[in-house]
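Position in the sequence shown (from 1) plus 293 gives the number in the working numbering. Structure first, commentary second.
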Amino acid sequence: MPTYKRFILAAVTLFITINLEAQITTSSISGRMTDMNKKPIIGATILAIHELSGTRYGTVTNIDGRYTLQGMRAGGPYKILVSYIGMKPSETKGIMLQLGETFRHNVKLAELSEQLNEVVITGKAGVDATKTGAAMNISSTEINRMPSISHSIADVTRLNPQVRVANTGAMYFAGVNNRYNSFQIDGAMNNDAYGLTANGSNGGQAGTQPVSMETIEQIQVNTAPFDVRQSGFTGGAINAITKSGTNEFHGTIYGFGNNQHLIGSKYRMINGKNSEKYRDQSEYQAGVTLGGPMIKNKLFFFANYEKANKTYQNPYAINSFASLIDAATANNILDKLREMAIQQEVTYNGELNSTDVYAKSDKAGLKLNWNINDKHKASIRWSLVSARQMNSASSAAVLNSSDFSYDFVSKTNSFTAELQSRFSDQWSNEFRISYVRVRDERQPGAPFPMIEIGNVGNGTLHLGNDRSSMENSLNQDIWSFTDNLTWYTGRHAFTFGTHNEFYKFSNLFIQDAYGSYFFSSPDDFYAGKIKQYRFAQANVDVTGTPRWAAAFGAGQLGFYAQDNFNVTGHLDLTLGVRMDIPLFFDTPAENVSFNEFAASKGWHYKTNSRLSSAPMFSPRFGFRWNMDGAGKYILRGGAGVFTGRIPFVWLSNNFSGTGIQLSSYIASTSSSNPDATKDLSFILNLSKQTQNVEKLTASGSQTINIFDKDFKFTQNLRLNLGFDFTLGGINWTAEAIFSKSLNDILYQNPIVDLTGKTLGETFPSLQFDQRPMLSKIEGANTYSGVYVLTNTNKGYTYNLSLQGMKKFDFGLDVTASYAYTKSKAQNDCTGSVAQTNWQYNYTTGNPNDPELANSIFNVPHNIRVAAFYTKKWKTNHSTVIGLIYNGSSGIPYSVYYYGDLNGDSGYNDLMYIPTDAEADQMNFTATSGYTAEEQKTNFKAWLANEDYLKNHRGEYCQRNGANEKFEHHFDLHLSHTISFVTSKRTYGLEFSLDIVNIGNMLNKKWGRTYESGGTYTPVTYKGEGNFQFLHDADYTMHSYSDYYSRWRGQAGVRFTF
């Protein structure tokens, strides 16, 4: 039996279970019962009833008159009945519970001779008197009124001042890498544990969401929770629970859709011209939900099915107005490639004409809730998400051939079971088990080498297969188990728990399996002057198969203890400590040759090192002080350590990159080796790529990935201080969050080191550029790179925000916030491959000790304003209008050279911004399109006009040192519901229209979104101190997104019963 299975079996058997994140799926009620003289009432009976399902939760008060009800369904409405012999019973109705929070309900009981009226909670909003750290709860009602056409969780989290949502659906908490987030649905892990998706959840690469929004009951967004049960993230945590059945049958039938007629026809482009009309597109999303009783008050179900389909023409196809590619040059290159293919007796069928892009998905789910008795409640949920999307369509600055695109196919099955138990008035328990099965695969076009050609107009041309899709599939199996035992005594609620996760991965990933060729320009392509060549293959003698997959298992055990201490009626303290133990069940293969080389250098690196399972401790402290006793002024916050995980793809690199099962080769021209590719041939026949490999083996080009033996999972120290107060009839929240990296990620390549010389010393024409030069160390010629996964404690983020909320009696809700974020990092780690994370961590110094700089997630200013107005017309009509404004700084970007300037074999050299006098000293290499003097003249004119560069002449560009311009976006939601009431049931028919970026509808200059990947490479380094600037004098790096710069609408209809 495999090791990881033994661990699972032992954990289940011992009932010590496991779920690293242990996020909350329920709510609680607590309080104190006193008489009219404020003396505690001992033994009073508390009964809370979920009115829609009849679910009952009961207990009695302790010696201090206190009580707690845990494990309750979030939502409501609830009614609470309080009784005691000789006292007048109390009944409170209309209580709604927020996910993961404790509702405070204190009651004074009068003697039977006194008269007390029934209390009804109206739901009027006030200061949230329950949360300790920075958190936000979102109900299904709020979800339904939010403007959205993607129907994603990301859309509804954007009102949180700590969260920035990208167009891809990625969510960044307080400037932290989105891969460090946690995302759970009903307690089951649904974030992308392997770390490949942009939106951070399973199915993201196939363009789908992990759950249908029609099934969501509540969402909790946490940035700094000081409850030790919540872990597994150093960014933020998103915790969603789905709807459950009740004693009445309820359901929805819904559909949403749009086409090109609901997309703006024009926006003003960078060049001042209006865009063309958007091309044809069609999108729909339709589904059904049904919930109800199987046994009244006892057993309930909730089921759903949803289908979505989107098809659109690529807006950046060749000859399109939005493309920066020179169409004539691209077509000439294609013709030349076909001619060369025929000469080599192969066929190339790739096209540059427009190809429709599509995304399809199916979602299904079933949830059962069982009220076993008043003391035990159980639930089971299964869900399926199956999706397919065509990826790698062209962008403004990149034109991809039809065979470069690939289908991404994803299927996720998840299962969760939960048991909530109350053994006595002092002891309760929560047990949860979940299993998630993910199967992902890339399906590329007909096998062919990848060819990349730069400076085709103002962009890059790709022909052949995407180098990362040639052999690429991933299987994930993730088990998690949680058990929390809580003991209530006096003013204390002690929690003792364990949460552990076990992972099994199998990743077939052979990047460059058909060979990849890079050319700096069309002239270099025609001349066969290769700038870089890459190839990888499985060593069949070792693996037994050419399609070898790296398989490994891992886990993480979590144990914790916590005390929730109600010091007084107005002060609550949370003190806890958590211990997480990473587990690694497999060891990468031994590479004897490399291990001997590493030992000769005094390094403690081995390919067959297994990571340490040393415990990682996370102490936390939180407080909440109700300063005036009435909830108008609440000071809260805390300090604690948060332990996360890392994307497991970064660990997988070390299983596939030992140099034993796979051999990876690279040859790249650089300052230290300008002739690295001179002897290579441009081979299009897949079976003959080994001819280049033989030459590479002779010169040395192996790539090795290894661990630092002391490598640890990510961990940070987070401080939070919040002040919730009411002023001028407005509920305000002032929040400050500071995070300091304790263990973050850093990649190093020890086979390159400083030479002691600078670039200016090496090339006299570049005396103004004093960046250090590097070269391979002695004896390292066998390797193209040795990439070490290690840690750094450099880096920090902070977020300061102010938010105001006001609910008016006439149906208007308004929220406004401003947030300032600062995020610094040593390595952004935006890639999935070790070499990428080192090679593209831009620097002007030593790439093995990069400077602390702005992170790619640093978007300083964010302003959000939301207004929702609900109007009821007569008895059966209601209208909802929602308007959201989002203003924010643009995303950061870096400007660097295309080429290796400092001799480290990485394309990571930030550009020096010369003065005119310094630019005159530079040498430019002529092409068929531009003379050397024309390039120099155009270069100086461009520097004088580019905003960031013209203000930093004579300086180096900083990593992520500039941000795109401030953006403004307005989104609108309109819906009208007609209700039909019969003697037994109420039906509703809702018509809706959502328009995002509605500002573009009013003015073609409004709402424009920059198209940026965070990097620009306007200048090519040709080696030997020579450059190329293959652009006109009026060149601009920036462009607007053709899709996101337009207004987009979606019409919908929903029938409820």
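All C-beta atoms, glycine included, are put in the ideal place defined by N, C-alpha and C.
Are any of the Cβ atoms in chain B nearer than 9 angstroms to that of residue i?
i      : result
ILE665 : Absent from the structure: chain B. Only one protein chain is present.
By alpha-carbon positions, which one of the options ends up nearest to residue i?
i       : options                            : result
SER911  : PHE1006, GLY1078, ALA820, TYR1333  : PHE1006
GLN1096 : LYS401, HIS343, PRO454             : PRO454
GLN682  : ASN602, LYS668, ASN625, GLU889     : ASN602
THR640  : GLY757, LEU1059, ASN515            : GLY757
PHE818  : TYR1113, PRO440, GLU745            : GLU745
MET1330 : LYS1258, TYR1337, ALA447           : LYS1258
ASN1042 : SER1034, ALA1027, TYR1076          : TYR1076
TYR826  : GLN982, TYR1089, GLU384, SER475    : GLN982
ALA843  : GLY895, LEU944, GLY1022            : LEU944
VAL469  : GLY1088, TYR1190, ARG732           : GLY1088
PHE1018 : ILE1070, MET1098, ASP1037, GLU1071 : MET1098
ARG1011 : GLY500, ASN515, LEU904, ASN722     : ASN515
SER839  : PHE858, TYR781, GLU764, THR779     : Inspection of the sequence shows that residue 839 is occupied by Pro rather than by Ser. The shortest Cα separation from PRO839 among PHE858, TYR781, GLU764, THR779 belongs to GLU764.
GLN511  : MET482, HIS1324, THR970, THR434    : THR434
PHE1232 : LYS1165, PHE1320, TYR609           : PHE1320
ILE322  : ILE334, LEU340, ASN330, PHE594     : LEU340
GLY580  : ASP733, ASN597, ARG572, THR1349    : ASN597
Excluding the 5 residues flanking residue i on each side, which residues of the same chain have their C-beta closer than 7 angstroms to its C-beta?
i      : result
PHE708 : TRP675, SER727, TYR728
GLY416 : Low confidence applies to GLY416: its pLDDT is 44, below 50, so where it sits in the model is not reliable enough to give any reading.
SER441 : ASP448, ASP1287
GLN408 : Because GLN408 carries a pLDDT of 45, less than 50, the predicted location of this residue cannot be relied on, and no value is offered for it.
ASN471 : ALA463, MET464, TYR465, GLY493, GLY528
For residue i and residue j, what's the separation of their Cα atoms in angstroms?
i       : j       : result
PHE787  : ARG938  : 26 angstroms
TRP1025 : LEU1176 : 20 angstroms
LYS1315 : ASP873  : 50 angstroms
THR1172 : PRO908  : 55 angstroms
ALA923  : MET429  : 21 angstroms
GLN553  : PHE1263 : 20 angstroms
THR753  : TYR1303 : 18 angstroms
SER1332 : MET562  : 8 angstroms
VAL986  : GLN804  : 15 angstroms
MET294  : SER906  : At MET294 the pLDDT is 48, less than 50, meaning the model places this residue with poor confidence; the figure from the coordinates comes in the next sentence. Roughly 21 angstroms separates the two Cα atoms.
SER1338 : TYR560  : 7 angstroms
GLY550  : TYR577  : 4 angstroms
LYS899  : PHE877  : 16 angstroms
ILE556  : ALA491  : 24 angstroms
ASN410  : GLY862  : Below a pLDDT of 50, predicted positions are generally treated as unreliable, and ASN410, at 44, falls in that range; no measurement from the model is reported.
HIS543  : GLN849  : 40 angstroms
TYR1241 : GLY1247 : 12 angstroms
HIS1261 : LEU1014 : 29 angstroms
GLN513  : ALA634  : 56 angstroms
GLN574  : GLY851  : 48 angstroms
ALA692  : ASN567  : The residue asked about is misnamed: residue 692 is Leu in this sequence, not Ala. LEU692 and ASN567: Cα-Cα distance of roughly 22 angstroms.
Leaving out the 5 sequence neighbours to the left and right, which residues in its chain are closer than 8 angstroms to residue i when beta-carbon positions are compared?
i      : result
GLY379 : GLU404, LEU405
THR425 : PRO518, PHE519, ASP520, ASP865, THR867, GLY915, PHE916, ARG917, ARG929, GLY930, GLY931
Within its chain, find whatever has a CB closer than 6 angstroms to the CB of residue i; leave out the 5 residues flanking it on each side and keep chain order.
i       : result
SER902  : PHE1000, LYS1002
ASN706  : LEU677, ARG730
HIS1269 : THR1172, PHE1284
ASN1403 : Not covered by the structure: residue 1403. The range shown for the chain is 294 to 1350.
VAL663  : For the sequence presented, residue 663 should be read as Trp rather than Val. LEU592, ALA671.
Looking at residue i and the ligand GDP, is the gap between the Cβ and the nearest heavy atom below 8 angstroms?
i      : result
PHE975 : As for the ligand GDP, it is missing from this structure, which has no ligand bound.
Cβ contact (3+ pairs, closer than 8 angstroms) linking the region 1206 to 1214 and the region 1288 to 1300: no
Cβ contact (3+ pairs, closer than 8 angstroms) linking the region 1141 to 1148 and the region 503 to 522: no
In chain order, each beta strand (DSSP E) run of at least 3 residues that lies wholly inside the region 927 to 983: Counting whole runs of 3 or more residues, the region 927 to 983 contains the beta strand (DSSP E) stretches 955 to 961.
Touching by the beta-carbon criterion (3+ pairs, under 8 angstroms), the region 1211 to 1227 and the region 1081 to 1091: no
Inter-stretch contact at 8 angstroms, needing at least 3 Cβ pairs: the region 1110 to 1118 / the region 1061 to 1068: With contact defined as three or more Cβ pairs closer than 8 angstroms, the region 1110 to 1118 and the region 1061 to 1068 are not in contact.
Cβ pair count under 8 angstroms reaching 3, the region 1197 to 1204 against the region 1131 to 1142: yes
4-residue-minimum alpha helix (DSSP H) runs that sit fully inside the region 1127 to 1186, ordered along the chain: 1127 to 1132
Any beta strand (DSSP E) of 3 or more consecutive residues that is wholly inside the region 757 to 814: The region 757 to 814 contains these whole beta strand (DSSP E) runs: 765 to 782, 785 to 802, 809 to 812.
Those runs of the beta strand (DSSP E) which lie wholly inside the region 984 to 1036 and span at least 3 residues: 995 to 1000, 1008 to 1020
Residue ranges of each alpha helix (DSSP H) within the region 1049 to 1115, 4 or longer: 1052 to 1055
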